[in-house]
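Peer 1: Numbering (the working numbering), first residue to last: 11 to 272. C-beta atoms are modelled at their ideal positions from N, C-alpha and C, and glycine is treated no differently.
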């Protein structure tokens, strides 16, 4: 009898699993079809979502989803910052987890930090979306302070954050320092480096040192611009916008046109 009972236990466990898995699947299917009814209505009535857009947006957040009370506190907070309903809807569409944020613990402290730095003119919409994914003390503060040390002025920090807000979530300081050392070795002044960062921050912050060196070599050896020339940095900025194949195409085109004019 003991052996018989023990033999039935694995079967009972399998049955429980079979019962449990369909429940999860049914829950996912129900959510995929209609989402949370209260939150769907909330997005429709508060932010002018269409029903399909509201359901699609809510399907991007965890199964527990945001509560209507929490979502309302987030929307009211953004509204008090002067962000329009249209822009709030766009922010929620892009990053629905924003509605799960705790205003007092996550959103407000980040806004306070920026105001204490005196960063006026910052596009709060982009910063809030980017910053919602990062902790203030361990990610945002050290990166913004590093950025300020790098580019020198609050105005330059604002320029960088407005053009490339993701720098606060993915700034690799070791990569930046390697690129800075490389540029200095090529004789590029700090002012010209800052100008590049503020004009095209993304190309600077995501480029690996080997890619940076390739561009520097191309400017000097392919474009024929000497390092000491005032236009050397402009050549670096130009090539940083293009991949190598496009550069080769443009150079071939220029050589062809030059040959025809001879």
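Using 10 angstroms around the beta-carbon of residue 145, count the other beta-carbons present and answer buried if the total reaches 16, otherwise exposed.
Peer 2: Mapped onto the chain shown, residue 145 falls at position 135. Classification for residue 145: exposed.
Peer 1: Suppose the cutoff is 6 Å on Cβ atoms and the five residues either side in sequence are ignored; what does the same chain contact list for residue 209 look like?
Peer 2: Reading the chain shown from its first residue, position 199 is the one you call residue 209. Excluding residues within five positions, none has a Cβ falling inside 6 Å.
Peer 1: Enumerated in chain order, which unbroken segments of the alpha helix (DSSP H) with a length of 4 residues or greater are wholly contained in the segment 152-225?
Peer 2: Listed in chain order, they are 164-173, 177-180, 183-195, 200-209 and 211-216.
Peer 1: Determine the closest residue to residue 90 out of 70, 118 and 100, with distance taken between C-alpha atoms.
Peer 2: The residue given as residue 90 occupies position 80 in the chain shown. Measuring from the Cα of residue 90, the nearest candidate turns out to be 118.
Peer 1: Taking the alpha helix (DSSP H) that residue 128 belongs to, which residues open and close that run?
Peer 2: For this step, residue 128 is matched to residue 118 along the chain shown. Segment: none, residue 128 is in no alpha helix (DSSP H) and carries neither H nor E.
Peer 1: Roughly how many angstroms separate the alpha carbons of residue 220 and residue 227, rounded to a whole number?
Peer 2: As a working note, residue 220 is residue 210 in the chain shown. As a working note, residue 227 is residue 217 in the chain shown. Roughly 11 Å separates the two Cα atoms.
Peer 1: Tell me the rounded alpha-carbon separation between residue 121 and residue 232.
Peer 2: As a first step, residue 121 is located in the chain shown; it is residue number 111 there, counting from the start. As a first step, residue 232 is located in the chain shown; it is residue number 222 there, counting from the start. Answer to the nearest angstrom: the Cα atoms are 47 Å apart.
Peer 1: Can you check the segment 44-85 for any alpha helix (DSSP H) of at least 4 residues that lies completely inside it and give the ranges in chain order?
Peer 2: Those alpha helix (DSSP H) runs which fall completely within the segment 44-85 and span 4+ residues are 47-57 and 61-68.
Peer 1: Straight-line CA distance for residue 164 to residue 170?
Peer 2: As a position in the chain shown, residue 164 is number 154, starting the count at 1. As a position in the chain shown, residue 170 is number 160, starting the count at 1. Taking the straight line from one Cα to the other gives about 10 Å.
Peer 1: Whole angstroms are fine: how far does the CA of residue 174 sit from the CA of residue 168?
Peer 2: Looking up residue 168 in the chain shown gives position 158. Looking up residue 174 in the chain shown gives position 164. Straight-line Cα distance between these residues: approximately 10 Å.
Peer 1: With a cut-off of 8 Å on the beta carbons, I'd call residue 172 and residue 126 a contact; round off their distance for me.
Peer 2: For the purposes of this step, residue 172 is taken as residue 162 along the chain shown, with counting starting at 1. For the purposes of this step, residue 126 is taken as residue 116 along the chain shown, with counting starting at 1. Between residue 126 and residue 172 the Cβ distance is about 19 Å, and since that is not below 8 Å, they are no contact.
Peer 1: Would you call residue 75 buried or exposed, if buried means 16 or more other Cβ atoms sit within 10 Å of its Cβ?
Peer 2: Along the chain shown, one-based indexing puts residue 75 at 65. Classification of residue 75: buried, given that the 10 Å Cβ count is 16 or more.
Peer 1: Any beta-carbon of chain C closer than 8 Å to the one on residue 151?
Peer 2: No chain C appears in this structure, which consists of one protein chain only.
Peer 1: Do residue 107 and residue 140 have their CB atoms nearer than 8 Å?
Peer 2: On the chain shown, residue 107 is found 97 positions in, with the first residue counted as 1. On the chain shown, residue 140 is found 130 positions in, with the first residue counted as 1. No, these two residues do not count as a Cβ contact at 8 Å.
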